[in-house]
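Protein sequence lines, in the order shown, are assigned to chains A, B and C. The numbers in the first sequence follow this note's numbering, run straight up by one, and end at 1606. The numbers in the second sequence follow this note's numbering, run straight up by one, and end at 289. The numbers in the third sequence follow this note's numbering, run straight up by one, and end at 162. Even for Gly, the Cβ is constructed at its ideal location relative to N, Cα and C. Notes follow the structure.
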Amino acid sequence: MSGAHDNPVAGSNYHYIARKRRVVEDKRFVTGNGNFVQDQDLPGTLHVAVLPSPHPRARIVLINAEAALALAGVAAVITGDEIAEHTLPLYHGLPLPECRWFPLAHEMTRYAGEWVAAVVAEDIYIAEDALDLIEVEYEATPAIVDPEEAMKPDAPLVHPGHGSNIIYDGDFEWGPVAEDFEAADHTLSFRARWGRSSTVPIETFGVLAKWDKGTETLNVWASIQMPNYPEQIAAALRMPLNGVKVNQDIDVGGSYGVKRGIKHTVLVGYISRKLGGAPVSLIEDRLVNLASGDAHGPDRIFYTDVAFDQGGVIKSLKIRAIDDCGAYPGRGPFQLGKPIAAIVGPYRINSVHYRPCSVATNKTGQVPVRGMGQGPTNYMIETAVDEVARHLKLDRFEVRRRNLIRSDEFPYLNPTGTKYDSGDYETVLGKVTELANYDDLVKRRDELRAEGKLAGIGIATCLEPSGGNNLFEFLFNPKAEISTYMEGCQVRIDSVGNIVGTMGTTTSGQGHETLVSTILGEELQRDPDDIRVIHADSLAGLPTRSPIASRMAVMLGGAAAGAAQKIKDQLFQIAAHNLNRPIDGLEYSEGTIFDRSDPARKLSWDELCNIAHRQFHKLPEGMEPGLQALHVMQVPLGGQMPDEKNRVQLYPCFSFQAHIPFVEIDPGTGKVTVLDYFIAHDCGTVINPDIVRGMIIGGVAQGIGAALYEKFDYGPDGQFLSGTFVDYVMPSVFEIPYVKDVEHCTPSPLTSHGQKGSGEGGYLGAPAAIASAVNDALEPRGLSIHELPMRMNDIEELLNGEKPE
Amino acid sequence: MKAPAFDYHAAETVEDAVGQLAEAGDDGLILAGGQTLVPMLAMRLARPSVLIDINAVSELAGIEQLDDGIRIKTCTRQNVALNSQLIGESIPLLAKALPFIGHHQTRNRGTIGGSIAHGDPAAEIPLIAVALDASIKLQTKNDTRNLSAKDFYEGPMMTLRKDDECLTDVTFPIWQEEGKLGVGFQEVSQRHGDFAIVSVAAQMVLDGNNVCQRVAIAVGGAAGIPVRLEKVEANLTGSVINQETIGDALTNMADFLDPVEDQHGSAAYRRRVARVMTERAIWEAAA
Amino acid sequence: MTKRDITLTLNGKTVSGQADPRMTLVDFLRVVLKATGTHVGCEHGVCGACTIVLNGEAIRSCLMLAVQVESQEVTTVEGLCEEDGSPGILQDAFRDGHGMQCGYCTPGMLTSVHALLQSNDDPSDEDILEAIGGNICRCTGYAQIIDSIKIGAERLREDKS
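As structure tokens, this is what we get:
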């Protein structure tokens, strides 16, 4: 099984937290009783199929849907003109009034696969048959595909009204960069390229919408994972926000950031209302999902300069980051902003100059992918560290030790204004080195090399910012004056003593029901297996920012703990009133409250609940009947805006992982095999060990995918080349070794139980670690590669290809 | 990704199947394992008027021992072939290649004949068929004919099978030469079970002095069809097999290949890898 | 196109439904027979989410037509449960090993493993990889799935003896 799992918090004595416990959700999944959006079955549901544009850039001259409309079973054919007339453009994170974005292309198509028309029919077969009957006349024009070309003044414009393809171009400087470079013993520069990939869940995005004429409510069921989903739907459909009800008890079949489907939802919401309230369903098939679901991830070029001293200590970084956000930016550009939280990584770097640039091209759009840009940024940072080591001919592990923030330096204020809450990086690095049996790995590597193979050991030490905070938006857009980043949890004890916890958002495999029931059980000292956790719909509504940003353990966990505390307070007050004792004379044990001085005098859980619900005459003065509490937690250290030097506390809690992969490369084919993978992870207190281990290893696997296999390829003319799973290749069990992991725990001082997030860390460091290993393997040949993914073709070309004169 | 409408007929006999095919004109397709055809229907890349399902035609499944070959009926499942002792003993090259094909789920339905008839340039079974000069039987309502696998493939997914022909069986010859028979199969793919980017099949007979009595080498993925390396074969036949002779034989091997170029491999990559894989396959066959 | 009548044995019971010839088996199971445990992931035979057991063998139900299962025996994830619908031994093992997160690939994973364990009750590590090599999981990175399979195999052996 996994590496050792210690009792994570020294001195703690948790009953349920940190214990191996079954994950609540698993029971319904193993029996095939998950409640996924495709499982919804409303009578009279109409089905939507979308017609893709074959051109990356074209004017829509004419759409003739007559024959499609005449097909029996077709209820409607919608085009961009109709949508543009009746809905408002979809939301971009930045103010981009000239980059109008609608669910269906309006006047122009801007990427190959963009939806040009939608057929609504009795069943999906008829809908797709009708697609075949729609005639579209296009006037194709040359597309712009390369982001650096797109930045040039004479490039074809994706949005002519915007005047250029540059969506955002920022310039941030923290600390004395010029002085640090001047004073440095050495500098080096490199270019690193993070290829366009995504976390592509096995379930595609799907949504079912039903306009209820009677209550004038739009009911939505969707495979969704994002903040402000009801807000964006309501805005585009020009409905009042309190007329949109998103049902959040739908099981989401994986998301890792990408289940955002706003255009899908606006489309079906519009159609349902237009057709008098018929339920309307749009389930992406895989072709649509890959080409036009707008769910691609960062596509980024880094030009980085590093200033460092003779001993390999890095003083300063200059970073130019250019990211290709595709045709409709949405929140894509902010994936350049979030990483500011940890732009110096876990290192004692003194100053940073960061120039992020988001560029539009004729490709489908980006959504925040697991880590929202921290993965590519960590890849760049770790490349810098390895390059410094290479330059000075020092050991990469040793260079890290010299740069890592020490355990006595916490909380550590980094140059961008963010304090890292806690950490013990050196110890975690030591743990992974020990787990990997490093000396033995070196021997194995050398043996393979002696056989004529290429073999390498990688190292990456990376941060996972967790807890969530949106202030990077303000850094990019001074109009976004938003400092609230909250999560709510309601706890209700019913009249017979059952506990119900309510959360305000969806779950996509992170085990939130387990998280909440475990924490409630711990605080209330009641068995979590008897605690039911439900998801409020968006109207019943709890304040939420959704499960993004590795925030739920911190925020939902904290909100649950806060709500439980309120319940306990209320129980104590009832007991004090009825036992006629001051609260500090009472003891709580597993729901029973007894008089410390005379333990026979007590009130049981059932008695307390009965009083609360039914015996008003026994309640203290002013107490409301019933036993329920809502706690809304603001993100720790949140609530301040950036200062005039653009310094601000971004995320509050920082998890840390150290990765050591061991790889072999076949020099004849360029194929990389990951022989072994070791990871030490520190996310503070572990609420559920199986969940955390799953998050870590799952993230590593997706990271290996991004490093070695996955890319959305576009031809030079803008044609989309990764249309199926034959071309977009995700790792199977054969490509992922049995990852060995070990925990460490430095609790966060900021959270309810010392927990930090763990949902992203595997993914945030694995690509960097694999790149480190591949470059270690190439080292004896004097070669290196700084572009992901490192596919067989790329590595073999490097090894054996024709060298330019 | 829902298929366009088609008619469906579950054939009971071979006659039934070819009769239906004839009626369909140029519009009917045979449904065997479906592992390739059904995705094509889902993507609307195939739009037959009728699908003629041969899975229930008992005459079309089975593995037979002939005097000088093994006849495999078209609808024999790849997993059945993989577990066949007869194939393991008599056509070791096919036995070696079968585990590389897809996954157990696809091999439980996918058929030997279906793969050969479809002619994907990256597929393993057509490669073996070309390497061994298998004989392919095609049957219509009124006629049968046999084609050599070497001639059967014209281009990617383009074969000499006519619209009204059903591929009914494939016979793999058993080499009769004296000496030690060895086989080699090398494949490069992104992941385990994927279609090959480049694949090489080699079968060789060596005498007691390591002199090659007969050799067949075919390369897949390096042209639109599987390619026999006839010049290399001629070069190696009669030679002792060692590093030098192999190296000599493979010089200019790239000239016989005309690989596609795509995001999974440039043409240059495929040429270089084909050379590496061929050398490995020959060594494997010589071991 | 006229719909065909199809009768088959699904999880031990005789069931019937109607389908156009072009309807795939996975769509037939989900939409007509309302057995929604089996999931659709790609519809071109790569991801394995749709895996079911047909006459004892694991196959991809997105690559079969509904009409092809006339009179055949199909087992889906629901069929691995106890009579009362509670998790069976293998399913319980996946709970103890936390061999899933989002649950979407899980039914296909379970049927693939079920097919393996029916024919090989003491699989080697290689056998396990072969059994699930055609099932993509994006959540777990596979380690806990492998753990769960080993727990399940051992418990099923114990149950037999």
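Is residue i close to chain A, meaning its C-beta is less than 8 Å from at least one C-beta of that chain?
i                         : result
glycine 153 of chain C    : no
histidine 115 of chain C  : no
alanine 287 of chain B    : no
lysine 164 of chain B     : no
glutamate 79 of chain C   : yes
methionine 255 of chain B : no
methionine 159 of chain B : no
valine 275 of chain B     : yes
leucine 130 of chain C    : yes
In the DSSP assignment, the beta strand (DSSP E) including residue i goes from what residue to what residue?
i                         : result
serine 137 of chain B     : 137-141
alanine 220 of chain B    : 214-222
histidine 11 of chain B   : 9-12
threonine 1547 of chain A : Premise fails: threonine 1547 of chain A is in no beta strand (DSSP E) and is neither H nor E.
leucine 1264 of chain A   : 1261-1267
In terms of DSSP beta bridges, what is residue i paired with?
i                            : result
glutamine 188 of chain B     : B:Val202
lysine 182 of chain B        : B:Leu208
glycine 1485 of chain A      : A:Gln1556
cysteine 1290 of chain A     : A:Met1304, A:His1432
lysine 1244 of chain A       : Its beta-bridge partners do not exist; DSSP assigns none.
phenylalanine 973 of chain A : A:Tyr1155
histidine 848 of chain A     : A:Ala922, A:Ser1082
Does any residue of chain C have a CB that is nearer than 8 Å to the CB of residue i?
i                      : result
valine 82 of chain B   : no
glycine 804 of chain A : Here the model assigns glycine 804 of chain A a pLDDT of 34, short of 50, so the residue's position is not dependable, and the following value carries that caveat. So, not an interface residue.
serine 1309 of chain A : yes
valine 1540 of chain A : yes
proline 809 of chain A : Per-residue confidence for proline 809 of chain A stands at a pLDDT of 47, beneath the threshold of 50, marking its modelled position as unreliable; the derived number appears in the next sentence. Chain C contact via Cβ: absent.
Is residue i close to chain B? Criterion is C-beta to C-beta, closer than 8 Å.
i                          : result
threonine 52 of chain C    : yes
serine 149 of chain C      : no
glutamate 58 of chain C    : yes
threonine 1000 of chain A  : no
asparagine 1594 of chain A : yes
glycine 13 of chain C      : no
glycine 142 of chain C     : no
So residue i contacts chain B; which residues on that side make the cut at Cβ distance below 8 Å?
i                             : result
methionine 65 of chain C      : Gly36, Val40, Arg111
lysine 1164 of chain A        : Those do not exist, as lysine 1164 of chain A stays about 15 Å from chain B at its closest Cβ, beyond 8 Å.
phenylalanine 1535 of chain A : Arg193, His194, Gly195
Starting from residue i, trace the alpha helix (DSSP H) both ways and give me its first and last residue.
i                          : result
histidine 1414 of chain A  : 1406-1415
isoleucine 1640 of chain A : What the structure shows of chain A is the stretch from 802 to 1606, and residue 1640 of chain A is not part of that stretch, so it cannot be assessed.
lysine 151 of chain C      : 144-161
Can you pull the chain C neighbours of residue i, defined as C-beta to C-beta under 8 Å?
i                      : result
valine 1053 of chain A : Cys103
Name, please, each residue of chain C whose Cβ falls closer than 7 Å to the Cβ of residue i.
i                             : result
phenylalanine 1526 of chain A : Cys43, His45, Val47, Cys48
Cβ closer than 9 Å: which chain A residues qualify as neighbours of residue i?
i                      : result
arginine 23 of chain C : Tyr926
alanine 20 of chain C  : Chain A residues near alanine 20 of chain C: none, gap ~11 Å exceeds 9 Å.
In chain C, which residues lie less than 9 Å from residue i when you measure between Cβ atoms?
i                        : result
histidine 120 of chain B : None at all; the shortest Cβ gap to chain C is about 14 Å.
Residues of chain A with CB closer than 7 Å to the CB of residue i, please, in chain order.
i                        : result
serine 92 of chain B     : Simply none; closest approach about 30 Å.
histidine 266 of chain B : Asn1594
tyrosine 271 of chain B  : Asn1594, Glu1597, Glu1598
Against chain B: residues of the segment 1086-1110 of chain A by CB proximity under 8 Å: For the segment 1086-1110 of chain A, which is checked against every Cβ of chain B, the residues closer than 8 Å are Asp1086, Arg1087, Leu1088.
Proximal residues, the segment 826-844 of chain A versus chain C, C-beta separation under 8 Å: Glu826, Asp827, Lys828, Arg829, Phe830, Val831, Thr832, Gly833, Asn834, Gly835, Phe837, Gln839, Asp840, Asp842
Under 8 Å (Cβ pairs) to chain B, residues found in the segment 1490-1524 of chain A: Tyr1510, Lys1512, Asp1514, Leu1522, Ser1523
Selection of the segment 217-228 of chain B by Cβ proximity to chain A, strictly under 8 Å: none
Proximal residues, the segment 57-69 of chain B versus chain C, C-beta separation under 8 Å: Asn57
Where the segment 1461-1487 of chain A meets chain B: residues whose CB sits under 9 Å from a CB there: Asp1467, Pro1468, Gly1469, Thr1470, Gly1471, Lys1472
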